[in-house]
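Those letters in the sequence shown? Residues 31 to 186, by our numbering.
Glycine residues also receive a C-beta, built at the ideal position from the N, C-alpha and C atoms.
Here the structure is a predicted model, which means the values were calculated and not measured.
Heads up, the thing below is written out as structure tokens.
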Amino acid sequence: MTPALDLLKKARAEHRVHSYEHDPKALSYGLEAAQKLGLDPAQVFKTLLASSEKGELLVAVVPVAGTLDLKGLAHAAGVKKCEMADPVAAQRSTGYLLGGISPLGQKKRLRTFIDQSAQPLPTLHVSAGRRGLEVELAPAVLAEHTCGTFADIGRP
């Protein structure tokens, strides 16, 4: 179990866990998950951490097939500028290793923004807190348990 799955289980939130054999040579953890689980990459989301100009860490959840729009994230967060967070700071703050960072069950509650493309999906997949482990849940469930806000933060 991971903190992400513990959180969902404790909350009795509807979800499904999917696992696959992670290949350490994979170039993209998210695309690897989509491929190995036979999923549409538009339904698999990656969790990225960015830092505002004031040093605030922000969580961004975007489709694995696209990229994070840092200007869009800054606008959504009401800050002037964002850049990708230092990997060590991201791991320290979330309690997860890179490639397995889940938006759920992080050590510190950070402001979370979910790309608006997730909203109309019946379900989406995010990391369950470990490489090779994904959790499928409704976008509204993800938003509820991360206190997340839907925003235009992804680019195809």
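Paired residues, beta bridge with residue i - DSSP
i	result
Leu78	Ala90
Arg185	Thr97
Asp145	Ala181
Glu113	Ser81
Beta-carbon proximity of residue i to residue j, cut-off 8 angstroms
i	j	result
Ile144	Gly178	yes
Ala43	Gly159	no
Phe180	Gln149	yes
Val89	Arg161	no
Unbroken alpha helix (DSSP H) run spanning residue i, endpoints
i	result
Ala41	Run containing Ala41: none; DSSP gives neither H nor E here.
Span of the beta strand (DSSP E), counted from its first residue to its last, around residue i
i	result
His155	Leu154 to Arg160
Backbone secondary structure at residue i - three-state DSSP
i	result
Val165	strand
Thr32	coil
His105	helix
Ser132	coil
His52	coil
Glu62	helix
Glu174	helix
Arg139	coil
I want to know whether the segment 70 to 83 touches the segment 101 to 110 - three or more CB-CB distances under 8 angstroms. yes
Could you tell me whether the segment 161 to 176 touches the segment 109 to 119, using the rule of 3 or more Cβ pairs below 8 angstroms? no
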